[in-house]
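Just below is one structure, and these are the notes that go with it.
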Amino acid sequence: MNRSMSKLYLTAIAFLLLSACVGSSQTNSMTGSTMGTTYTVKSVGEHSVSQVEIDTRLKQINKIFSTWDVFSELSLLNRKPVNQWIAVSDELFFILSESQNLYQQTDGYFDPGIGRLIDLWGFGAVKVDYKPSRAQVSEMLQHSSIQHLRFKQGMV
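If you number the sequence shown the way the working numbering does, the last residue is 157 and the count never jumps.
Next up, the structure:
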């Protein structure tokens, strides 16, 4: 009898635990487009983020980080003169400083600062019909790297 009661208790506990996992939470799915592609966000629960909030945040991210938008914060930074401190958003400061950390940790294999080299080869916004010369590549390698950035209190 003792063994039967133990099995009954274990079965009841297992049933209660499993039934607690199956809630009445609703699943939400939203799809949209941004930055030349589409996205899908799936969430569970009543307090999910709205489509408007998602689109607003993605637009904010694009205005900071886009290399295709000539007015994005990153594009404006890339056009600023060398050796001049520029105030940047907390988000851009964080990404750039963490990118420089990754550059150092990977001995330079990860280098998001090679945009000019990417453009030289025609992989950026402007396509080119020629192979760059060794001299052009060497020139870009000397001046295009995240290692050249310096950081201080929200400025790059």
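Positions of the beta carbon are idealized from the N, C-alpha and C atoms, including for glycine. The structure presented is a predicted model; accordingly, all values stated were derived computationally and were not measured.
Secondary structure of Tyr-116, DSSP reduced to three states: Checking the sequence, you will find Gly at residue 116 rather than Tyr. Helix at Gly-116.
Unbroken beta strand (DSSP E) run spanning Met-31, endpoints: 28–35
Bridge-paired residues (DSSP) for Tyr-40: Gly-33
Reference Trp-86, options Gln-154, Thr-12 and Ile-14, closest by Cα: Gln-154
Where Ala-88 falls: helix, strand or coil (DSSP): strand
Closest residue to Glu-99 among Met-31, Thr-28 and Val-157 (Cα-Cα distance): Val-157
Chain-order list of residues whose beta-carbon lies under 6 Å from that of Lys-81 (same chain, five-residue window excluded): Ile-87
Euclidean distance between Cα positions of Gln-52 and Met-31: 6 Å
Alpha-carbon spacing of Tyr-110 relative to Tyr-104, whole angstroms: 7 Å
Reduced DSSP category for Val-71 - H, G, I as helix; E, B as strand; rest coil: coil
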